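Encoded as structure tokens, the structure appears first; notes follow it.
Residue numbers (our numbering), protein chains in the order written: chain G, 28 to 389; chain Y, 49 to 360.
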């Protein structure tokens with residue numbers, strides 16, 4: 028079975044800990060994205076799976092076998108590198124053929140496989156060119172072809188689309204996804220682009236400082252972020268995060284003090300168990316709706332910056348206390364800079380994070 | 049869509065005459081880009097630099113009298129007699145033609161330079177790869193020590209080396225002079241090749257390992273093809289150095305292992321003074337191998353290293 032399992036994997040470089048206690052299990056046919064800001068340890072984690080780095084402690088289990096001590100060439104893994112890492116002196120065909128040489132396939136079988144992936148990734152016309160003679164998008168597809176031509180234990184992708192322009196990136200996202208769907212292998216994709224992760228992954232592992240902060244489906248990490256970091260990292264525009272004091276909860280309506288003003292908001296029942304004190308409120312920009320009149324459940328903001336985004340408009344407003352609040356309105360609603368707005372959060376769409384930054388939720 | 053981009057790349061390269069381009073001359077650019085003034089200046093400088101070589105080649109085709117004529121002759125009846133005399137010559141009119149031994153000396157020069165350059169490339173490339181990819185503790189110190197062997201002028205080290213060769217019996221043998229020239233070329237080969245290996249993308253090697261290649265496979269199949277330009281440059285410089293080397297060859301080669309520069313010096317003098325035509329003929333023949341090798345490898349020297357597969 029094509030599976031990957033990391034158990035309490037830690038990697039130290041001298042006194043610096045790049046990856047700490049990472050547990051991750053990827054089932055056959057599943058695509059997991061490691062997502063996080065640069066330097067969070069996601070690429071190191073991928074290189075540990077590939078065998079390019081040795082874990083300081085913990086177990087790396089691939090296809091049911093502990094592989095900590097095995098060098099990369101004996102792990103039977105296919106990997107796509109960020110800078111493609113094509114072999115410059117070999118033609119595209121030879122590049123794709125290179126891994127097959129070590130699988131000891133017959134010439135006819137190898138050629139049949141190359142023909143198949145070349146067709147799949149539209150590379151037939153460039154097979155006899157050198158990597159230096161093809162475009163960026165083609166290089167990327169050659170890198171993918173060189174990986175999927177094999178029948179490995181699993182696939183690893185290191186920022187596979189980061190060097191493509193926006194248009195190519197969109198089309199390749201779909202192509203990679205459809206290619207992977209047909210292969211039923213465990214796949215790990217490293218990316219710092221949340222859109223890439225949300226669209227391509229079955230599950231997303233969000234990393235920070237070498238730790239996995241949350242691992243869940245794209246829907247889950249968006250709708251139920253585990254902590255403030257995940258909440259701020261996932262979702263565009265970014266979630267509004269505002270410090271407030273919890274005063275009390277009654278029938279799932281909580282009273283918060285925000286900039287000295289009391290606000291009543293619908294919250295998760297679990298908030299009722301929280302004692303009074305400092306919390307962080309998280310509200311997505313699309314969950315805020317401007318109201319005509321102020322009321323106990325609205326927040327006042329002065330519109331400062333208007334960013335039309337096509338179908339919607341993003342408005343940056345400032346509260347009397349100086350907090351910036353972002354919210355999104357449909358294109359039909361015209362907001363002008365300098366206008367005073369009364370914003371109401373949609374029912375039950377307020378995330379409450381405790382003083383430690385953890386989500387309070389059932 | 050990507051096809052269009054690829055074609056654009058191809059179209060960008062200027063049209064030109066293929067064989068001229070292969071010789072490193074681009075017919076498209078030239079005068080147009082540099083302008084007539086600079087082109088003329090470059091031509092004048094080139095002529096001044098090349099003139100001594102041109103004069104030697106001219107002298108090789110002159111009779112003894114023409115070679116010594118004052119004022120110097122540019123127009124004369126060429127003769128091939130000098131070239132004939134390189135390999136066998138009659139010392140006086142009516143005398144028996146004698147073997148001059150230059151066939152052997154040319155062989156010696158080719159053999160000694162060729163083998164020592166190949167050895168230096170082989171050892172140097174492997175060592176450079178080691179220094180670049182598997183650094184030791186104190187890597188830079190070792191590299192400095194290797195370079196430091198070339199820091200003293202030859203004349204300073206010649207006496208100890210001469211004594212070493214006498215004691216070990218290496219003096220006058222092919223093995224001795226080849227070993228010495230290899231040691232001469234090694235520091236340069238190691239430093240040069242290391243800088244080429246340092247430039248390569250490590251990702252490419254990681255990719256090859258993941259694709260199932262062993263360390264040796266990575267070296268031969270992935271790294272070596274990317275540093276051909278470096279190998280060519282190292283070979284040309286090493287060849288020029290050993291081909292022209294005189295001092296060590298003079299003191300350490302025997303009668304049988306004498307190289308052309310040493311043998312050439314010994315043709316000077318004799319019963320009728322310096323035979324300039326003969327000397328020039330030897331010189332002309334001596335130039336050919338270096339010119340040919342440089343010309344053949346020029347292609348590699350000019351070509352970029354990686355074709356831009358990995359942009360940094």
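Where is the CB? At the ideal position from N, CA and C, for every residue including glycine.
From a predicted model like this one, the values you see are computed outputs, not experimental measurements.
- In the three-state reduction of the DSSP assignment, residue 144 (chain Y) falls in the coil class.
- When secondary structure is reduced to three states using DSSP, residue 197 (chain G) falls in the helix class.
- Distances from the CA of residue 280 (chain G) to each of G:105, G:378, G:122 were compared; the closest alpha carbon is that of G:378.
- Residues of chain G whose Cβ lies closer than 7 Å to the Cβ of residue 273 (chain Y) are, in chain order, 116.
- In the three-state reduction of the DSSP assignment, residue 261 (chain G) falls in the coil class.
- Taking a C-beta cut-off of 9 Å against chain Y, the contacting residues of the region 79-100 of chain G are 79, 98, 99, 100, listed in chain order.
- At a cut-off of 7 Å, the C-beta of residue 251 (chain Y) has a neighbouring C-beta in chain G.
- For residue 162 (chain G) and residue 206 (chain G), the gap between their C-alpha atoms comes out near 21 Å.
- Residue 372 (chain G) is classed as buried because its beta carbon has at least 16 other beta carbons within 10 Å across all chains shown.
- Within the region 221-247 of chain G, the runs of beta strand (DSSP E) at least 3 residues long that lie entirely inside it are, in chain order, 230-235, 238-243.
- Uninterrupted alpha helix (DSSP H) stretches at least 4 residues long and entirely within the region 111-183 of chain Y occur at 112-116, 129-135, 150-181, given in chain order.
- Annotation: Cβ neighbours of residue 77 (chain G) in chain Y (cutoff 7 Å, chain order): 258.
- Per DSSP, the beta bridge partners of residue 288 (chain G) are G:285.
- Taking a C-beta cut-off of 9 Å against chain G, the contacting residues of the region 269-293 of chain Y are 269, 270, 272, 273, 274, 276, listed in chain order.
- With 16 or more other CB atoms across the displayed protein chains lying within 10 angstroms of its CB, residue 326 (chain Y) is buried.
- The C-beta distance from residue 125 (chain G) to residue 200 (chain G) rounds to 26 Å, too long to meet the 8 Å contact threshold.
- By the Cβ neighbour-count rule, residue 146 (chain G) is exposed, with fewer than 16 other Cβ atoms within 10 Å of its own.
- Counting along the chain, the unbroken beta strand (DSSP E) around residue 267 (chain G) starts and ends at 267-277.
- Fewer than three Cβ pairs drawn from the region 267-281 of chain Y and the region 223-234 of chain Y lie within less than 8 Å of each other, which leaves the two stretches out of contact.
- In the same chain as residue 348 (chain G), and ignoring 5 residues on each side of it, the C-beta atoms closer than 6 Å to its own belong to 286, in chain order.
- The beta carbons of residue 153 (chain Y) and residue 306 (chain Y) sit about 6 Å from each other, so the pair counts as a contact at 8 Å.
- By the Cβ rule, the region 283-294 of chain Y counts as touching the region 335-349 of chain Y, because three or more pairs are nearer than 8 Å.
- Contacts with chain Y (Cβ-Cβ distance below 8 Å) from the region 200-211 of chain G involve no residue at all.
- Bridge pairing for residue 276 (chain Y): absent [DSSP].
- Non-local C-beta neighbours of residue 298 (chain G) in its own chain, meaning closer than 6 Å and more than five positions away in sequence, comprise 276, 281, 379, 387, ordered along the chain.
- Beta-bridge partners assigned by DSSP to residue 84 (chain G): G:37.
- Fewer than three beta-carbon pairs drawn from the region 317-334 of chain G and the region 254-261 of chain G are found closer than 8 Å, and the two stretches are therefore not classed as touching.
- Listed along chain Y is no residue with a C-beta nearer than 7 Å to that of residue 187 (chain G); the closest approach is about 13 Å.
- Three or more pairs of CB atoms, one per stretch, sit closer than 8 Å, so the region 214-233 of chain G contacts the region 56-70 of chain G.
- Taking 7 Å as the threshold, the shortest C-beta distance from residue 254 (chain Y) to chain G falls below it.
- In this chain, residue 163 (chain G) is not harboured by any beta strand (DSSP E); it is covered by the alpha helix (DSSP H) spanning 163-175.
- Looking at the DSSP output, residue 254 (chain G) bridges to G:385.
- For residue 371 (chain G), the enclosing beta strand (DSSP E) covers residues 367-372.
- Using a Cβ-Cβ distance cut-off of 8 Å, the region 202-211 of chain Y and the region 246-253 of chain Y are not in contact, since fewer than three pairs of beta carbons, one from each stretch, lie closer than that value.
- Within a 10 Å sphere around the beta-carbon of residue 323 (chain G) sit fewer than 16 other beta-carbons, which makes this residue exposed.
- Between residue 338 (chain G) and residue 358 (chain G), the CB-CB gap stays under 7 Å.
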